[in-house]
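Protein chains in written order, with the numbering used here: chain U, 534 to 895; chain H, 534 to 895; chain D, 534 to 895.
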Amino acid sequence: MCASSLTLARIVERLKTVCAGETRGNADLPIHQVASLQSARPGEIAFLSNPKYRKYLRDTRASAVILHPGMASALPLSPSGEPLLAAILTANPYVYYARVAALLNPAVRQAAGAHPSAVVESTVPSSCHIGPGVWIGADVSLGENVEIRAHACIGAGVVIGADSVIHPGVSIYPGCRVGARAILHSGAVIGADGFGFAPDFDGEGGEWVKIPQIGRVVIGDDVEIGANTSIDRGALEDTVIGDGVKLDNQIQIAHNCVIGEHTVIAGCVGIAGSARIGHHCAIGGAAMILGHLEIAPHTEISPGSMVMKSIPQGGEKYTALYPLERHADWLRNAAQLRSLETLAQRVKTLEQQIRQMEAGKS
Amino acid sequence: MCASSLTLARIVERLKTVCAGETRGNADLPIHQVASLQSARPGEIAFLSNPKYRKYLRDTRASAVILHPGMASALPLSPSGEPLLAAILTANPYVYYARVAALLNPAVRQAAGAHPSAVVESTVPSSCHIGPGVWIGADVSLGENVEIRAHACIGAGVVIGADSVIHPGVSIYPGCRVGARAILHSGAVIGADGFGFAPDFDGEGGEWVKIPQIGRVVIGDDVEIGANTSIDRGALEDTVIGDGVKLDNQIQIAHNCVIGEHTVIAGCVGIAGSARIGHHCAIGGAAMILGHLEIAPHTEISPGSMVMKSIPQGGEKYTALYPLERHADWLRNAAQLRSLETLAQRVKTLEQQIRQMEAGKS
Amino acid sequence: MCASSLTLARIVERLKTVCAGETRGNADLPIHQVASLQSARPGEIAFLSNPKYRKYLRDTRASAVILHPGMASALPLSPSGEPLLAAILTANPYVYYARVAALLNPAVRQAAGAHPSAVVESTVPSSCHIGPGVWIGADVSLGENVEIRAHACIGAGVVIGADSVIHPGVSIYPGCRVGARAILHSGAVIGADGFGFAPDFDGEGGEWVKIPQIGRVVIGDDVEIGANTSIDRGALEDTVIGDGVKLDNQIQIAHNCVIGEHTVIAGCVGIAGSARIGHHCAIGGAAMILGHLEIAPHTEISPGSMVMKSIPQGGEKYTALYPLERHADWLRNAAQLRSLETLAQRVKTLEQQIRQMEAGKS
């Protein structure tokens with residue numbers, strides 16, 4: 534992952550159409566990499582977003598820093614008043630940093646063409662990369678510049694939009710759709726059967742009868758899906774992942790879920806069947822959402838929290854967690870949980886007794 | 534996934550050996566797909582299992598509905614008393630629906646024969662499908678009509694029963710056994726080493742000594758295993774998955790577990806080593822079961838619950854969950870948990886004081 | 534998995550350099566396998582570590598047992614005082630058992646050489662095994678005797694130390710490093726992009742801007758990584774897994790984490806970004822550790838516990854779990870949790886009232 538080198542002035546020029554920035558100090562400084570304020574070396578650019586880190590400005594070895602115009606006065610000066618640190622002033626330093634990082638570290642693209650070891654049963658654009666050992670079934674439709682890397686399996690009838698990257702070992706089941714500019718990481722499984730069985734038991738005999746899963750997975754544009762994440766196909770309707778959704782690793786999304794646009798879901802989350810998550814939600818790692826619930830847009834769920842009921846009103850944060858304790862303390866406190874209702878009842882009784890005693894006195 | 538078309542009468546005829554049904558209304562209506570009452574279009578058949586959805590019968594656009602004979606009176610009639618909706622009456626509408634769905638959406642079978650890119654080091658029946666890039670090691674035994682789809686890896690000495698389907702990218706380690714009619718979804722890993730190490734540390738030095746995992750995984754008939762689920766091989770004895778067990782995605786089953794027949798386990802569940810789960814249990818998503826526990830048959834575990842002790846008596850539901858709250862409420866309530874034992878002690882002291890005061894009065 | 538056969542005397546001789554043992558009884562007994570005291574058959578050797586299992590010594594069918602010298606008096610004798618059970622006396626019977634098990638069940642090594650179906654774009658030592666369908670990118674460096682089993686994908690520039698085994702279907706992203714004697718199980722994904730996005734939203738529009746993940750994953754020596762476990766590459770710095778770390782299945786380790794030497798992590802654990810776990814920690818299954826926390830060396834975390842704050846002092850066990858209850862009991866007790874702060878307040882009020890009443894009396 535080698536990085537190219539650009540001057541501050543050139544960086545501002547290159548990014549001006551997506552986010553505005555203004556240089557301070559020596560705009561001709563060559564920058565070849567991003568770094569944090571604390572670990573940066575000369576030739577690297579850092580960013581300051583949280584004011585509590587402004588103390589690191591004085592001692593950073595970075596050649597430049599990205600920060601908000603309101604923080605420009607915190608830039609260190611020499612005794613003679615010369616600026617010691619070049620800067621780019623911008624309204625959203627973290628986003629600007631992300632864009633500079635992408636400029637200096639452009640994604641490595643694989644060469645167009647199909648590796649001779651690939652098995653390709655469809656016609657694909659010549660701009661696509663089809664890696665070693667890839668299998669592409671019949672009636673698959675790929676957009677321009679799609680990369681299907683080593684050993685990925687693309688089932689019959691799958692559609693993938695332009696510029697998407699499918700990493701090694703991804704498996705997409707027949708009939709599913711992936712939008713443009715998607716990134717699917719290794720081990721992701723898209724479109725396996727949802728978990729649907731009807732119980733046909735009586736007395737001792739019987740079996741679970743499998744319900745065919747005839748929906749698809751339909752994934753919007755600009756979606757990233759992490760390693761070993763699985764998204765099941767719908768039972769009847771489709772499972773739908775909205776535009777701009779970002780899914781981390783080891784996530785399970787069950788059949789018929791609908792995930793709204795630009796929602797982010799951290800690792801190890803499980804979402805049960807037919808849940809509907811609004812747009813712009815943030816679901817913390819290892820949270821769980823039960824089936825058939827509706828979560829309003831802009832809801833935040835704390836990590837590790839089990840969501841057992843719908844959240845009709847958005848814009849708030851919800852939590853369901855037992856707080857961490859030393860094990861010895863936990864043993865004592867958790868034991869009381871099993872008689873918490875009794876404890877509440879005893880307090881109520883005490884309150885009545887006190888009231889009676891007070892009444893008796895008067 | 535195109536569906537064939539059958540008349541109601543033909544459906545009842547085809548299913549009569551597995552479940553009895555009786556038509557009402559026009560038995561010659563052609564049906565080509567299943568759907569829900571609310572989303573069905575003409576030519577589709579829906580089902581009514583839960584009486585609370587009977588209100589949807591009047592407005593459904595379905596051509597027919599599957600329901601219990603006791604609900605037949607709820608079928609809508611025209612003003613002149615003619616039935617407006619054809620029906621199949623049956624004792625278990627949900628199971629009947631599952632079987633109709635399977636009839637109309639037969640599983641897509643891959644053609645028999647081995648793809649030239651497959652590496653097959655064993656003799657396999659000519660009725661089997663061996664997909665592109667598949668690797669089958671030495672001494673593997675496959676039943677008739679087994680499908681090993683693209684890129685699956687079947688280790689030496691593995692045995693797989695007739696009519697099983699192994700989806701792309703599944704990995705089965707040497708020596709493991711899978712029964713007949715199994716479905717293993719992409720990313721499933723069967724038979725990796727169990728997590729067994731002996732601590733050999735003294736003072737600063739030392740290491741974890743790996744304990745060879747010499748058991749197998751032995752999977753019964755009619756088992757379905759979800760995407761990215763892993764089942765470890767036994768340390769000494771085998772890890773055993775009973776007949777008819779259904780495992781969802783992202784499940785971890787550790788070494789030496791025994792899962793009883795027809796137990797269903799939802800996504801993201803973890804079961805630690807040597808746990809024994811009875812038959813016909815239902816384990817909710819993201820539940821966890823500690824090692825060496827025994828769970829009685831017909832036990833239900835709520836989603837997200839940590840099972841820390843054996844459950845000797847079956848037929849009940851168990852739960853271990855902190856309930857969801859707005860984060861601000863949680864902060865206040867959870868803080869009190871850390872002094873719950875003290876609170877209980879204070880209530881006890883109050884009760885003693887009240888008793889003494891009452892005694893003092895008399 | 535056939536086992537060789539060795540006499541007790543030969544076992545002690547073979548292991549004497551790594552752990553000392555001394556035979557009791559017939560040292561010429563041939564031993565071909567390890568087993569538990571309860572399930573052992575003749576020709577097998579068991580071990581006794583926990584004194585509470587000494588009762589099984591009398592009835593075991595094992596030919597020999599490994600135990601501590603202090604337990605030698607518990608070995609059964611015939612009525613005439615002859616030892617009925619041969620033994621190996623050693624300071625740490627469990628570790629000795631692990632080493633005997635490894636002696637009798639040596640790991641099956643694959644033959645050196647590259648399978649013709651493998652795509653190898655680097656020069657690799659002739660002592661390495663490169664299995665069917667493997668893809669190895671450019672500039673990869675493998676140590677001697679490395680095994681890359683069927684269908685594993687090794688990205689450009691990866692370095693893997695001597696004697697490591699990469700199981701079928703593992704994916705290692707470009708630039709990552711794995712030490713010597715590693716074992717990576719099927720479905721493990723090493724070096725996928727960390728989950729890093731900067732929010733660029735205003736009003737209705739906007740998007741998450743991907744932050745390039747330019748760090749690597751650097752894995753030490755003697756590390757084992759379980760099936761379907763994922764370890765993300767660092768954002769700027771590397772994600773680091775120390776020597777001797779053992780990771781079970783289905784684990785998620787996010788970008789920039791540092792896991793100290795010899796720490797063991799059980800299945801289904803999630804560790805969020807930039808967390809630092811000390812050496813010799815033990816993290817129970819399905820535990821979660823939030824981002825940017827520091828966990829001191831030798832800390833133990835109970836299974837299923839969410840760690841929400843740093844643990845600065847090691848050597849203790851921490852827990853965060855709601856205890857399991859019958860669902861009906863849970864409904865009553867958990868409901869009270871939502872008003873626990875109010876309950877605490879009511880108790881405080883009662884205490885004040887009592888104090889006033891007592892004061893009023895005197």
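The C-beta atom is built at its ideal place from N, Cα and C for all residues, glycine as well.
This one's a predicted model, so the numbers in the text were calculated from it and none came from an experiment.
Reduced DSSP secondary structure (H/G/I, E/B, other) of His-662/H = Residue numbering aside, residue 662/H sits at position 129 when the second sequence is read from its first letter. Strand.
ask   = Are the stretch 686-701 of chain D and the stretch 709-719 of chain D touching, with three or more C-beta to C-beta distances below 8 Å?
value = yes
task = Let me know if Gly-893/U comes out buried or exposed under the rule of 16 or more other beta-carbons within 10 Å of its beta-carbon.
result = Position 360 of the first sequence holds residue 893/U. Gly-893/U comes out exposed.
message = Please return the same chain residues whose Cβ sits closer than 6 Å to the Cβ of Leu-823/D, not counting the five positions on each side in sequence.
response = On the third sequence, position 290 is the one that residue 823/D refers to. Cβ neighbours of Leu-823/D beyond the five flanking positions: Ala-805 and Met-841.
inquiry  = What are the residues in the stretch 782-808 of chain D lying within 7 Å of chain U by C-beta distance?
reply    = Gln-783, Gln-785, Ala-787, Gly-803 and Ala-805
inquiry  = Check this for me: beta carbons of Gly-847/U and His-831/U, under 8 Å apart or not?
reply    = As a working mapping, residue 847/U is identified with position 314 in the first sequence. As a working mapping, residue 831/U is identified with position 298 in the first sequence. Their beta carbons are under 8 Å apart, which means Gly-847/U touches His-831/U by this criterion.
key: Contained beta strand (DSSP E) runs [length at least 3] in the stretch 755-822 of chain U, N- to C-terminal order   = 763-765 and 772-774
task = Pull up the distance between the alpha-carbon of Asp-776/H and that of Val-742/U, whole angstroms please.
result = In the second sequence, counting from the first residue as 1, residue 776/H sits at position 243. In the first sequence, counting from the first residue as 1, residue 742/U sits at position 209. Rounded to whole angstroms, Asp-776/H to Val-742/U spans 13 Å at the Cα level.
request  = Name, please, each residue of chain D whose Cβ falls closer than 7 Å to the Cβ of Arg-865/H.
outcome  = Mapped onto the second sequence, residue 865/H falls at position 332. By Cβ distance, chain D contributes Glu-874.
ask   = Where does the unbroken alpha helix (DSSP H) through Arg-887/D begin, and where does it stop?
value = Here residue 887/D refers to the residue found at position 354 when the third sequence is read from its first residue. Sequence inspection shows Ile at residue 887/D; the Arg mentioned does not correspond to that position. It spans 873-894 - the alpha helix (DSSP H) in which Ile-887/D sits, taken as one unbroken run.
ask   = What is the residue span of the alpha helix (DSSP H) that Val-628/D lies within?
value = Counting from one through the third sequence, the residue named residue 628/D turns up at place 95. Here the alpha helix (DSSP H) through Val-628/D covers 626-637.
query = Can the beta-carbon of Phe-730/H be found closer than 8 Å to that of Gly-800/D?
reply = As a first step, residue 730/H is located in the second sequence; it is residue number 197 there, counting from the start. As a first step, residue 800/D is located in the third sequence; it is residue number 267 there, counting from the start. For Phe-730/H and Gly-800/D, no; Cβs fall outside 8 Å.
request  = Can you check DSSP and say which residues form a bridge with Arg-859/U?
outcome  = Your numbering for residue 859/U matches position 326 in the first sequence. Paired residue(s): Tyr-851/D.
ask   = In the DSSP assignment, what residue or residues form a beta bridge with Pro-732/D?
value = Here the question's residue 732/D lines up with position 199 in the third sequence. Answer is Trp-741/D, bridged to Pro-732/D.
task = Taking Arg-557/U as part of the beta strand (DSSP E), name the residues at either end of that continuous run.
result = To locate residue 557/U, count along the first sequence from 1; it is residue 24. Here the beta strand (DSSP E) through Arg-557/U covers 555-557.
inquiry  = Going by DSSP, what residue range makes up the alpha helix (DSSP H) through Leu-548/D?
reply    = Residue 548/D sits at position 15 when you count from the first residue of the third sequence. It spans 541-548 - the alpha helix (DSSP H) in which Leu-548/D sits, taken as one unbroken run.
query = Can you tell me whether Asn-625/D is buried or exposed, with buried defined as 16 or more other CB within 10 angstroms of its CB?
reply = The residue given as residue 625/D occupies position 92 in the third sequence. Looking at its Cβ environment, which holds 16 or more other Cβ atoms inside 10 Å, Asn-625/D is buried.
ask   = Does the beta carbon of Tyr-627/U come closer than 8 Å to any beta carbon on chain D?
value = The count along the first sequence starts at 1 and reaches residue 627/U at position 94. For Tyr-627/U, the answer is yes, since a Cβ of chain D falls inside 8 Å of its Cβ.
query = Near Tyr-630/U, what residues of its chain come up, given a Cβ to Cβ distance below 7 Å and the 5 sequence neighbours on each side ignored?
reply = In the first sequence, residue 630/U corresponds to position 97, counting from 1. So the list reads Val-567, Phe-580 and Ile-599, once near-sequence residues are dropped.
message = With a threshold of 8 Å between beta-carbons, can Ala-725/D be considered close to chain H, or not?
response = As a position in the third sequence, residue 725/D is number 192, starting the count at 1. No, no contact with chain H.
query = Would you say Pro-707/D and Gly-690/D are within 8 Å of each other, going by their C-beta atoms?
reply = As a working note, residue 707/D is residue 174 in the third sequence. As a working note, residue 690/D is residue 157 in the third sequence. Taking 8 Å as the Cβ cut-off, Pro-707/D and Gly-690/D qualify as a contacting pair.
request  = Answer with yes or no whether the minimum CB distance from Pro-849/D to chain H is below 8 Å.
outcome  = As a first step, residue 849/D must be located in the third sequence, where it is residue number 316. Going by the sequence as given, residue 849/D is Glu instead of Pro. Cβ-Cβ to chain H under 8 Å: no for Glu-849/D.
query = In whole angstroms, what is the alpha-carbon distance linking Asp-862/U and Leu-570/H?
reply = Residue 862/U sits at position 329 when you count from the first residue of the first sequence. Residue 570/H sits at position 37 when you count from the first residue of the second sequence. Approximately 53 Å, taken between the alpha carbons.
request  = With a 10 Å radius around its C-beta and 16 neighbouring C-beta atoms as the bar for buried, classify Asn-583/H as buried or exposed.
outcome  = Taking the second sequence and counting its residues from 1, the one referred to as residue 583/H is at position 50. Asn-583/H is exposed by the Cβ-count criterion.
inquiry  = Looking only at its chain, what residues have a beta carbon closer than 8 Å to the beta carbon of Thr-593/U, apart from the 5 residues adjacent to it on each side?
reply    = The sequence position of residue 593/U within the first sequence is 60, counting from 1. For Thr-593/U, where only same-chain residues beyond five positions count, the Cβ hits under 8 Å are Leu-570, Gln-571, Ala-573, Ala-579 and Leu-618.
request  = Could you have a look at Arg-710/D and say whether DSSP puts it in helix, strand or coil?
outcome  = Residue mapping note: residue 710/D aligns to position 177 of the third sequence, counting from 1. In this structure, Arg-710/D counts as strand in the three-state DSSP scheme.
ask   = So, helix, strand or coil for Ala-579/U, using DSSP?
value = Position 46 of the first sequence, counted from the first residue, corresponds to residue 579/U. Looking at Ala-579/U - three-state DSSP - the assignment turns out to be strand.
query = If the cut is a Cβ gap below 7 Å, which residues of chain H does Ser-719/D touch?
reply = On the third sequence, residue 719/D is found 186 positions in, with the first residue counted as 1. Within 7 Å Cβ-Cβ: Ser-704, Val-722 and Ala-725.
task = Rounded to whole angstroms, what's the CA-CA distance from Gly-558/H to Thr-623/H? Just pull it up for me.
result = Taking the second sequence and counting its residues from 1, one reaches residue 558/H at position 25. Taking the second sequence and counting its residues from 1, one reaches residue 623/H at position 90. One C-alpha to the other measures close to 14 Å.
query = Could you give the distance in angstroms between the alpha-carbon of Gln-783/U and the alpha-carbon of Ala-560/D?
reply = As a position in the first sequence, residue 783/U is number 250, starting the count at 1. As a position in the third sequence, residue 560/D is number 27, starting the count at 1. Straight-line Cα distance between these residues: approximately 51 Å.
request  = For Lys-743/D, decide whether its Cβ has a neighbour in chain U, counting only Cβ atoms nearer than 8 Å.
outcome  = Residue mapping note: residue 743/D aligns to position 210 of the third sequence, counting from 1. Chain U, which has a Cβ nearer than 8 Å to the Cβ of Lys-743/D, makes this yes.
query = Should Asp-735/H and Arg-749/H be called a contact, given that it needs their Cβ atoms to be closer than 8 Å?
reply = In the second sequence, residue 735/H corresponds to position 202, counting from 1. In the second sequence, residue 749/H corresponds to position 216, counting from 1. Cβ distance not < 8 Å, so Asp-735/H and Arg-749/H don't count as in contact.
Proximal chain D residues relative to Ser-537/U, where beta-carbon distance stays under 8 Å = Your numbering for residue 537/U matches position 4 in the first sequence. Within chain D, no residue comes near Ser-537/U; the closest Cβ sits about 12 Å away, beyond 8 Å.
For Gly-724/H, the first and last residue of its enclosing beta strand (DSSP E) = Walking along the second sequence from the start, residue 724/H turns up at place 191. Run containing Gly-724/H: 722-725, per the beta strand (DSSP E) assignment.
query = Which residue's Cα is closest to the Cα of Pro-602/U: Val-679/U, Glu-555/U and Leu-636/U?
reply = Here residue 602/U is taken as the residue at index 69 of the first sequence, counted from 1. Looking at the Cα atoms, Glu-555/U is the closest of the given residues.
request  = Verify the CB distance criterion: does Cys-686/D have a CB-CB separation below 8 Å to chain U?
outcome  = Here residue 686/D refers to the residue found at position 153 when the third sequence is read from its first residue. So yes, Cys-686/D belongs to the interface.
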